[in-house]
Every structure is written in structure tokens, then in C-alpha cells.
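Enquirer: My structure is below; once you've seen it, I'll send some questions.
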Amino acid sequence: MQKFLETQWLPALRNAPGCLEVELLDTYQDRAGYCVSELWENTEMHLRSTAKLWRETHTGLMKKVGEYATIEFLWNCTILDV
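Numbering (the working numbering) for the sequence shown: 3 to 84.
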């Protein structure tokens, strides 16, 4: 799973419009799995880009990850107004 995330999932996210940074956190934890941290320009861009990414351009990746894992979204967000 780690190799799949590093070679396929993360590059797809990194190339999505509005994605500023994507990182696979270093540690795998039992019953928690892997954690991918994403930084986006804004919420609207995130929703638009990921919808297109996983429902149109990379549907195969979403299907493949679904065969091996369960995706859980945890929103932990700090908005910086600079």
C-alpha cells in the first residue's frame, strides 16, 4: 500500500489544480493505517479538483485503492488569512 500511495496516489494529487502540498506521513499505525496530509488553496478548489480527479481523470486509482483500503476523511484545518 505504501508503494502505491507514493508512486500513484500522491503524484495524482500533486498534479491536481489548487493542490499546494501532499505528504505521506512517515509512520503506519495499526488500526489507523496511513495518513496523507493535503494542503489546498481553498475548500472550493479542493472539492472541485478532487471530484474531477477521482470521478473523471483517475477513476482507476480510486477503484484500486478501494480494493485494498477504506478511505476515511478527517478534516483538521487552520485557515490563514495573510
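Note that beta-carbon positions come from the ideal geometry of N, C-alpha and C, so glycine has one too.
Tell me the DSSP secondary structure of Gly20 in three-state form.
Expert: If DSSP states are grouped into helix, strand and coil, Gly20 belongs with coil.
Enquirer: Quick one: using the 10 Å Cβ neighbour count with 16 as the cut-off for buried, is Ser39 buried or exposed?
Expert: Ser39 comes out exposed.
Enquirer: Report back the beta-carbon spacing between Ala14 and His60 to the nearest angstrom; my notes put them in contact at under 8 Å.
Expert: About 5 Å; that satisfies the 8 Å criterion.
Enquirer: Please report the residue range of the beta strand (DSSP E) in which Leu41 lies.
Expert: Its beta strand (DSSP E) spans residues 38–42.
Enquirer: Locate the alpha helix (DSSP H) running through Gly85, then write down its first and last residues.
Expert: The displayed coordinates of the chain run from 3 to 84. Any statement about residue 85 would go beyond what the structure contains.
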